[in-house]
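*Asks:* In this note's numbering, the protein residues as written are 2 to 78.
Don't be surprised by glycine CBs; every beta carbon is placed ideally from N, CA and C.
Once you've had a glance at the structure underneath, I'll fire off some questions.
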């Protein structure tokens, strides 16, 4: 979140912390790199949810066959 704040991507030009485009680009790259690391850590910690590398998780087949539903709120049942 801090790197996104520094990038100023969600702010009007006059509200940005950094005004230099190179510095802002570097902050965007750092934010993306950190999000990728978080994603990698979460997927490794929850293999049943995300499945093995290159494969769908087991629950996908249950969803396809109707044994599993997803509510509008994103709740699996």
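#1: Tell me where the alpha helix (DSSP H) around residue 10 begins and ends.
#2: Beta-carbon within less than 8 Å of residue 11's beta-carbon, same chain only, minus the 5 sequence neighbours each way: which residues are those?
#3: Look at the alpha carbon of residue 9 and the alpha carbon of residue 43, and state the distance between them as a whole number of angstroms.
#4: Using only alpha-carbon positions, find the residue among 54, 25 and 77 that is nearest to residue 65.
#5: Restricting to runs no shorter than 4 residues, where is the alpha helix (DSSP H) found entirely within the stretch 35 to 70?
#6: So, residue 69 versus residue 58, is the Cβ gap smaller than 8 Å?
*Replies:* Let me lay it out:
#1: The residue given as residue 10 occupies position 9 in the chain shown. That residue, residue 10, is in no alpha helix (DSSP H); it is neither H nor E in DSSP.
#2: As a first step, residue 11 must be located in the chain shown, where it is residue number 10. The residues are 5.
#3: In the chain shown, counting from the first residue as 1, residue 9 sits at position 8. In the chain shown, counting from the first residue as 1, residue 43 sits at position 42. Spanning the two alpha carbons is a distance of roughly 27 Å.
#4: For the purposes of this step, residue 65 is identified with residue 64 of the chain shown, where counting begins at 1. For the residues 54, 25 and 77, the minimum Cα distance to residue 65 belongs to 77.
#5: 48 to 51 and 59 to 65
#6: Counting from 1 along the chain shown, the entry for residue 69 is found at position 68. Counting from 1 along the chain shown, the entry for residue 58 is found at position 57. Cβ atoms of residue 69 and residue 58: not closer than 8 Å.
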